[in-house]
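Some notes on the structure that comes next.
In our numbering, the protein residues as written are 19 to 192.
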């Protein structure tokens with residue numbers, strides 16, 4: 019009987035962790051959308067998708083984020099090979115959610131006029147805070163890494179270098 023209760027609590031805790039992760043993804047995606055609305059740049063991990071969305075008007079930022087995140091997942095598989103843990107494929111549905119949430123945020127913000135540099139700065143700062151808070155919630159949830167961080171971890175583990183150093187190098191030099 020005690021074992022059933024422990025399993026039930028573990029299942030409930032796992033569900034709560036996944037829900038926290040989804041909430042974190044939503045907030046982080048809103049952060050990307052708010053930052054994009056500021057029109058002064060986006061986070062390094064979103065920059066590839068942002069540029070692609072500017073080049074191709076027919077494909078949204080969220081869709082490009084899905085594509086880019088899936089490329090990063092494929093990169094993990096190639097880098098890690100047999101050490102890739104298949105549970106990490108859960109990054110795929112999370113990438114889709116992140117892309118959908120980002121497009122939702124862009125859609126909501128489409129109706130807001132930003133017509134001054136101070137307002138642009140405010141949007142970038144607000145978006146950065148939202149993005150950081152959302153990411154922190156996904157880290158606290160501790161269920162699955164986002165594809166950008168997981169890619170950096172794959173590189174870091176493979177070449178046996180510190181995660182933070184590899185993250186800074188990849189995010190600012192690639």
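Using N, Cα and C, we set each Cβ at its ideal position, and we do this for glycine too.
First and last residue of the uninterrupted alpha helix (DSSP H) at residue 170:
Counting along the chain, the alpha helix (DSSP H) containing residue 170 begins and ends at 165-177.
Inter-residue Cα distance where the pair is residue 31 and residue 76:
Each residue's Cα considered, the two are about 41 angstroms apart.
Among 52, 29, 117, which one has its Cα closest to the Cα of residue 251?
What is shown of the chain runs 19 to 192, which leaves residue 251 out entirely.
Buried or exposed, going by whether 16 or more other CB atoms sit within 10 Å of the CB of residue 86?
Per the 10 Å Cβ criterion, buried.
Within the same chain, show all residues whose beta-carbon is closer than 8 angstroms to that of residue 20, passing over the 5 residues directly before and after it, in chain order.
Because residue 20 carries a pLDDT of 47, less than 50, the predicted location of this residue cannot be relied on, and the following value inherits that uncertainty. Scanning its chain for C-beta atoms nearer than 8 angstroms, with the 5 sequence neighbours on each side dropped, one finds no residue around residue 20.
Answer with buried or exposed for residue 185, where buried requires no fewer than 16 other C-beta atoms within 10 angstroms of its C-beta.
Burial call: buried.
Residue 128 to residue 52, Cα distance in whole Å?
Straight-line Cα distance between these residues: approximately 10 angstroms.
Mapping the DSSP letters down to three states, classify residue 20 as helix, strand or coil.
Reliability of the predicted coordinates at residue 20 is poor, the pLDDT of 47 falling under 50, and the value obtained from them is presented with this limitation in mind. DSSP, reduced to helix, strand and coil, places residue 20 within a helical segment of the structure shown.
Buried or exposed by the 16-neighbour rule on C-beta atoms within 10 Å, applied to residue 59
Around the beta carbon of residue 59, fewer than 16 other beta carbons lie within 10 angstroms, which makes this residue exposed.
Buried or exposed (CB count within 10 angstroms, at least 16 for buried), residue 113
Residue 113 comes out buried.
Taking just the CA atoms, how far does residue 88 sit from residue 35?
Cα-Cα distance, rounded: 23 angstroms.
Quick check: what's the CA-CA separation for residue 45 versus residue 146?
The straight-line gap from Cα to Cα measures roughly 11 angstroms.
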